[in-house]
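S.K.:
2 protein chains.
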Amino acid sequence: MYHPNRTARSLAQQEFHTIAVALPSFTAPFQNELLKGIRAYLRENDQDLLICDLGSSNQEKALHKFLSRGAVRGLLLCGFPIDDKLAGELSALQSPTVLVGYTWPAFDSYIWDDEAGAESAVTHLIENGHHKICMIRSGVDSEIQLSRIQGFRNAMERAGRKFEESSIVAGKPLYHSGFSEEDGYDAMKTILELHPDTTAVFASSDVQAIGAISALNEAGKQMPTDIALVGYDDIKTSRFVGLSSVHQSMQKIGYAAAKKLCERLDGPSSDGPEQVVIEPKLEVRASSDLKRSN
Amino acid sequence: MYHPNRTARSLAQQEFHTIAVALPSFTAPFQNELLKGIRAYLRENDQDLLICDLGSSNQEKALHKFLSRGAVRGLLLCGFPIDDKLAGELSALQSPTVLVGYTWPAFDSYIWDDEAGAESAVTHLIENGHHKICMIRSGVDSEIQLSRIQGFRNAMERAGRKFEESSIVAGKPLYHSGFSEEDGYDAMKTILELHPDTTAVFASSDVQAIGAISALNEAGKQMPTDIALVGYDDIKTSRFVGLSSVHQSMQKIGYAAAKKLCERLDGPSSDGPEQVVIEPKLEVRASSDLKRSN
DNA sequence: CTGTTAGCGCGTTCAC
DNA sequence: GTGAACGCGCTAACAG
Chain S
428 MYHPNRTARS LAQQEFHTIA VALPSFTAPF QNELLKGIRA YLRENDQDLL
478 ICDLGSSNQE KALHKFLSRG AVRGLLLCGF PIDDKLAGEL SALQSPTVLV
528 GYTWPAFDSY IWDDEAGAES AVTHLIENGH HKICMIRSGV DSEIQLSRIQ
578 GFRNAMERAG RKFEESSIVA GKPLYHSGFS EEDGYDAMKT ILELHPDTTA
628 VFASSDVQAI GAISALNEAG KQMPTDIALV GYDDIKTSRF VGLSSVHQSM
678 QKIGYAAAKK LCERLDGPSS DGPEQVVIEP KLEVRASSDL KRSN
Chain B
428 MYHPNRTARS LAQQEFHTIA VALPSFTAPF QNELLKGIRA YLRENDQDLL
478 ICDLGSSNQE KALHKFLSRG AVRGLLLCGF PIDDKLAGEL SALQSPTVLV
528 GYTWPAFDSY IWDDEAGAES AVTHLIENGH HKICMIRSGV DSEIQLSRIQ
578 GFRNAMERAG RKFEESSIVA GKPLYHSGFS EEDGYDAMKT ILELHPDTTA
628 VFASSDVQAI GAISALNEAG KQMPTDIALV GYDDIKTSRF VGLSSVHQSM
678 QKIGYAAAKK LCERLDGPSS DGPEQVVIEP KLEVRASSDL KRSN
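Chains as they are written, first to last, in the numbering used here: chain S, 428 to 721; chain B, 428 to 721.
(1) Classify Asn459(B): buried if its beta carbon has 16 or more other beta carbons within 10 angstroms, exposed otherwise.
(2) Check Leu589(S) in the structure and name its three-state DSSP category.
(3) What are the partner residues of Cys561(B), as DSSP defines its beta bridges?
(4) Output the distance between the C-alpha atoms of Ile637(S) and Leu438(B), rounded to the nearest integer angstrom.
(5) For the structure I just gave you, are there three or more beta carbon pairs, one from the segment 574 to 594 of chain S and one from the segment 602 to 614 of chain S, closer than 8 Å?
(6) Quick one: is Arg433(B) near chain S, going by C-beta distance under 8 Å?
(7) Ile538(B) touches chain S at which residues, Cβ-Cβ below 8 Å?
(8) Can the beta-carbon of Asp613(S) be found less than 8 Å from the beta-carbon of Lys559(S)?
(9) DSSP three-state call for Gln458(B): helix, strand or coil?
(10) Please give me, in chain order, every unbroken run of the alpha helix (DSSP H) with length at least 4 that falls completely inside the segment 437 to 508 of chain S.
(11) Closer than 8 Å is the cut-off here; do at least three beta carbon pairs connect the segment 548 to 564 of chain B with the segment 628 to 635 of chain B?
(12) How close, in whole Å, do the beta carbons of Ala447(S) and Val499(S) come, if the pair is a contact with beta carbons under 8 Å?
(13) Can you tell me which of the three DSSP states Ile618(B) falls into?
(14) How is Ile571(S) classed by DSSP in three states: helix, strand or coil?
(15) Compare the C-alpha of Glu542(B) against each of His674(B), Glu701(B), Ala684(B) and Ile680(B) and name the closest.
(16) Three or more beta-carbon pairs under 8 Å between the segment 448 to 456 of chain S and the segment 470 to 482 of chain S, yes or no?
(17) So, helix, strand or coil for Ser714(B), using DSSP?
(18) Can you tell me whether DSSP reads Lys708(B) as helix, strand or coil?
(19) Closest to Gln474(B) by CA distance: which of Leu692(B), Val596(B), Leu709(B) and Arg712(B) is it?
(20) How about Pro472(B): is its C-beta nearer than 8 Å to some C-beta of chain S?
(21) Taking 8 Å as the CB-CB cut-off, is Phe579(S) touching chain B?
(22) Taking the beta strand (DSSP E) that Asp535(S) belongs to, which residues open and close that run?
(23) Could you give the residue range of the alpha helix (DSSP H) that holds Tyr659(S)?
(24) Report the neighbours of Met428(B) on chain S: residues whose CB is nearer than 7 Å to its CB, in chain order.
(25) At a Cβ threshold of 8 Å, is Gly566(B) touching chain S?
(26) DSSP three-state label for Gln577(S), please.
(27) According to the Cβ coordinates, are Ala642(B) and Met677(B) closer than 8 Å?
(28) Between Trp539(B) and Leu709(S), what straight-line distance do the alpha-carbon atoms span, to the nearest angstrom?
(29) Which residues in chain B have a C-beta closer than 8 Å to the C-beta of Ala630(S)? List them in chain order.
(30) Three or more C-beta pairs under 8 Å: does that hold for the segment 576 to 596 of chain B against the segment 454 to 468 of chain B?
(31) Helix, strand or coil for Gln702(S), going by three-state DSSP, please let me know.
(32) Are any of the Cβ atoms in chain S nearer than 8 Å to that of Asp480(B)?
(33) Pull up the distance between the alpha-carbon of Ala627(S) and that of Leu552(S), whole angstroms please.
(34) Closest to Gly669(B) by CA distance: which of Leu688(B), Gln649(B) and Lys686(B) is it?
(35) Please classify Tyr429(B) as buried or exposed, where buried requires at least 16 neighbouring CB atoms within 10 angstroms.
(36) Output needed in chain order: residues of the segment 492 to 514 of chain S with a Cβ under 9 Å from some Cβ in chain B.
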């Protein structure tokens with residue numbers, strides 16, 4: 428019985444029904460939400476998804492290998508910092524690239540305002556009476572990380588609080604550039620040790636917050652009674668008792684980015700690159716969860 | 428500047444550096460663990476992953492569309508029930524297929540013993556002194572679901588408990604064949620209403636358990652003090668206070684399945700189909716978590 | 001309406 | 001050593 432060969436067919440009719448997505452650890456909750464959005468669009472349009480997992484280390488190498496294996500038509504590059512060299516290589520592919528999480532003049536990009544998001548989270552904690560707020564950061568000085576720290580600082584200073592460097596703690600493991608569950612766990616242990624009077628913690632990623640919960644559990648602390656926890660990125664807050672989160676609807680971003688990429692593939696005669704900035708939103712599980720009186 | 432064309436290259440050298448995975452909702456935690464294993468193998472071998480998301484409804488149609496778009500070399504079909512018709516179609520592809528979660532004589536398959544897994548979970552609850560145990564089931568009579576119910580029944584009967592049909596509750600939404608978060612949430616609400624004296628609940632999936640946690644939170648119940656919760660599938664138990672789970676190391680299964688598929692692609696002269704049965708293991712967060720005295 | 005052929009972009013082979 | 005021709009499996013265009 429006859430069955431078509433996808434490869435040959437694609438080659439012949441120059442139609443691929445496939446877009447490529449490259450991202451670090453596509454199984455993390457944050458990227459997962461993004462993928463949900465991407466998949467939603469692709470399903471509606473009978474496209475398949477070619478995934479390049481950049482992993483947590485040697486990301487550039489993984490991306491290069493992927494690209495040298497041959498370009499698919501269209502690349503969605505997510506959560507990967509771009510520089511001159513990479514921008515040149517991507518342009519040389521002659522096939523459209525859409526960026527998520529980073530921006531570059533030559534490409535369509537979907538980014539969010541980390542500084543504003545972090546600020547809103549910490550402001551919320553302050554407004555709810557928390558007198559001792561710590562932050563979990565990644566041990567790596569990425570742009571994302573620095574923006575989120577800046578947001579923390581802004582919130583503290585605008586509220587007339589003194590900003591202490593020591594209240595911002597990094598984990599040691601440095602998996603996934605320091606945004607891992609292990610890093611969050613490690614950082615929270617340090618916080619409990621160095622700042623036992625802490626009433627609220629703002630974590631720089633969702634997985635860090637999850638790791639922090641483990642550390643709290645081990646220490647016999649309750650959330651949010653003993654410590655309130657807010658994480659950055661796309662935690663489904665309903666899943667975690669007392670854990671709030673600031674996020675930027677990654678599903679919508681994924682959908683929009685996939686759509687944009689497919690439009691570029693269809694008609695290359697469209698407009699110039701578009702930069703979309705998403706405003707992060709703080710999602711509080713229950714307003715009472717973060718209230719603090721003492 | 429020159430850049431290779433993946434499609435043409437694949438066609439020319441009959442080497443694809445790609446395997447296809449078809450599964451329902453690849454963003455659910457269970458499938459996610461599986462994908463982690465698959466990705467681990469693929470990364471080691473410089474292969475990419477073509478994902479066909481079967482979605483939660485019209486799965487057959489989605490699979491057919493994917494196959495008719497043209498077979499890639501090698502398909503990993505996960506969590507999709509197989510019948511005569513489908514088996515014939517897959518054989519006709521002339522390219523190796525590996526099944527995960529279901530079995531069929533003609534194909535390599537990786538399955539697990541749902542009945543034994545469910546039984547071990549419920550037996551554990553009984554041994555820890557729970558006098559009223561309910562189960563959350565999917566509203567659909569899949570083979571998987573019936574096995575898990577049978578395991579529940581075995582445990583109860585072997586312990587000399589009376590088995591009550593009414594203690595097994597299904598959610599109404601029926602998303603993802605009834606294994607969804609929403610179904611778990613709905614079923615748990617019913618349990619709280621119908622069986623307020625419940626001390627432990629065994630959920631048929633990880634996501635159901637997550638939904639059940641939401642319902643418990645809303646009702647002001649604590650885990651595991653008020654109700655102990657055990658979920659089936661691959662929850663990272665550390666992430667959820669008091670939530671244990673029975674699982675079958677999906678990561679290892681994914682790794683093994685991907686490896687098997689790639690071996691089939693390399694040398695078609697290997698042995699006949701292999702059926703691997705994984706023994707599920709109960710992972711208890713802390714042994715004290717499930718203890719009950721009253 | 002059916003059968004034949006050219007060519008998609010590459011790797012490989014074979015001739016030079 | 002370098003270069004031209006062929007074929008991977010298919011679709012599209014074209015001829016009968």
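Beta carbons: idealized from backbone N, C-alpha and C, even for Gly.
The model shown is predicted, which means the values in this text are computed figures rather than measured ones.
M.R.: In this structure, then:
(1) buried
(2) A small fix is needed here, since residue 589(S) is Lys in this sequence, not Leu. Looking at Lys589(S) - three-state DSSP - the assignment turns out to be coil, as it is neither helix nor strand.
(3) Val628(B)
(4) 45 Å
(5) no
(6) yes
(7) Chain S residues near Ile538(B): none, gap ~22 Å exceeds 8 Å.
(8) no
(9) helix
(10) 456 to 471 and 486 to 495
(11) yes
(12) 4 Å
(13) helix
(14) helix
(15) His674(B)
(16) yes
(17) In this prediction, Ser714(B) scores a pLDDT of 47, lower than 50, which makes its location untrustworthy; the coordinate-derived value is nonetheless stated afterwards. It is helical.
(18) strand
(19) Leu692(B)
(20) The residue asked about is misnamed: residue 472(B) is Asn in this sequence, not Pro. Chain S, which has no Cβ nearer than 8 Å to the Cβ of Asn472(B), makes this no.
(21) no
(22) Asp535 to Trp539
(23) Not the alpha helix (DSSP H): Tyr659(S) falls in the beta strand (DSSP E), residues Ala655 to Tyr659.
(24) Ala519
(25) no
(26) helix
(27) no
(28) 41 Å
(29) Per Cβ cutoff of 8 Å: no residues; Ala630(S) is ~14 Å from chain B at best.
(30) no
(31) strand
(32) yes
(33) 7 Å
(34) Gln649(B)
(35) exposed
(36) Lys492, Phe493, Leu494, Ser495, Arg496, Gly497, Ala498, Val499 and Arg500
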